[in-house]
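Q: Handing you a structure now.
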Amino acid sequence: MIIAKFLHILGFTIWVGGMFFAHNALRPVVAVTLEPPQRLTLLAGVFTKFFLWVWISIALIFGSGMAMMAGMGKPPLHVMLMFVLAVVMLLIFSHIFFAPYRRLKRAVAAQDWKAGGAAMATIRKLVAVNLIIGLLTITIGTLGPLAL
């Protein structure tokens, strides 16, 4: 159980921490310091690297989470709520990966900066939503036993 818990914490630290960094530190700086060709090329490259780690994190989170839930018998309400929120986050990330991120990569390859900017705006909004859900999930995981 302790290994599963470690892998779980490692997975959500990478995913949620990466979203926090990208949304609140990286994007605001590049938005004011780089022109669209450099900014969108950089962000597409960063996402290519980061999204690989997100997929690994998802595998860690769901694999370890399911193992811990199996060991609980009937999981408590806060655990079930975390699971539901994790599924929502996975669906949002999958949409980001398979739709606006692909549009961003195509736009950068074609040097279509307007389309790239539109794709990036969609990614930014969806990452913000996932970041909020991720922070809420961490809160529920930490404080849920006290409240639920």
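Following our numbering from start to finish, the sequence shown increments by one per residue and tops out at 185.
Cβ coordinates follow ideal geometry from the N, Cα and C atoms, glycine included.
Taking all protein chains shown into account, decide if T174 is buried (16 or more other Cβ within 10 angstroms of its Cβ) or exposed.
A: With 16 or more Cβ atoms within 10 Å of its Cβ, T174 is classed as buried.
Q: Over the uninterrupted alpha helix (DSSP H) stretch that includes M103, give me the two end residues.
A: From DSSP, the alpha helix (DSSP H) with M103 extends over 73-107.
Q: Among L63, W92, L97, whose alpha-carbon lies nearest the alpha-carbon of I46?
A: The residue with the shortest Cα to Cα distance from I46 is L97.
Q: Write down every uninterrupted run of the alpha helix (DSSP H) in the stretch 140-170 whose length is 4 residues or greater and which is fully enclosed by it, in chain order.
A: Counting only runs of 4 or more, we get nothing.
Q: Using the rule of at least 16 other Cβ atoms within 10 Å of the residue's Cβ for burial, across every protein chain shown, is M56 buried or exposed?
A: By the 10 Å Cβ count, M56 comes out buried.
Q: Less than 8 Å separating the beta-carbons of G171 and V53?
A: Contact: yes.
Q: Would you mind stating whether A156 and P137 have Cβ atoms separated by less than 8 Å?
A: Cβ atoms of A156 and P137: closer than 8 Å.
Q: Leaving out five residues on either side along the sequence, give the residues of the same chain with a beta carbon under 6 Å from the beta carbon of V83.
A: Result list for V83: empty, nothing under 6 Å.
Q: So, are the CB atoms of G48 and S101 less than 8 Å apart?
A: Contact: yes.
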